[in-house]
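Worksheet for the structure shown next.
Written out as structure tokens, the structure is:
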């Protein structure tokens with residue numbers, strides 16, 4: 157399965173969540189999780205993520221939330237552009 161183009165916009169309101177970059181990353185990952193679940197699979201099937209950051213100074217926060225999301229599953233290869 158290939159998932160592309162997920163943003164931090166809430167699918168119901170179209171707005172980014174309040175709480176800064178961490179809340180935005182959580183929203184993106186939650187959206188991806190729902191897509192995976194609808195296909196009958198979970199995040200352990202993810203093999204690569206490409207993350208686009210407007211400001212690389214947020215890298216540490218993004219990486220921390222990303223690691224928390226994948227938990228014990230070794231996070232897949234990631235690219236931050």
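Numbering (the numbering used here), first residue to last: 157 to 237. Cβ coordinates follow ideal geometry from the N, Cα and C atoms, glycine included. Quick caveat: nothing in here was measured; it's all calculated off a predicted structure.
Taking residue i as the reference, which of the options has the closest Cα?
{"i": "residue 210", "options": "224, 163, 158 and 157", "result": "163"}
{"i": "residue 223", "options": "192, 167, 185 and 166", "result": "185"}
{"i": "residue 202", "options": "212, 190, 208 and 213", "result": "190"}
{"i": "residue 128", "options": "158, 179, 157 and 160", "result": "The first residue shown for the chain is 157 and the last is 237, placing residue 128 beyond what the model contains."}
{"i": "residue 207", "options": "200, 218 and 213", "result": "218"}
Can you tell me whether DSSP reads residue i as helix, strand or coil?
{"i": "residue 207", "result": "strand"}
{"i": "residue 222", "result": "helix"}
{"i": "residue 236", "result": "strand"}
Between residue i and residue j, how many whole angstroms is the CB-CB distance? I'm expecting something under 8 Å.
{"i": "residue 157", "j": "residue 188", "result": "Going by Cβ atoms, the distance from residue 157 to residue 188 rounds to 11 Å, so no, they are not a contact pair."}
When burial is assigned at 16 or more other CB atoms within 10 Å of the CB, is residue i buried or exposed?
{"i": "residue 225", "result": "buried"}
{"i": "residue 177", "result": "buried"}
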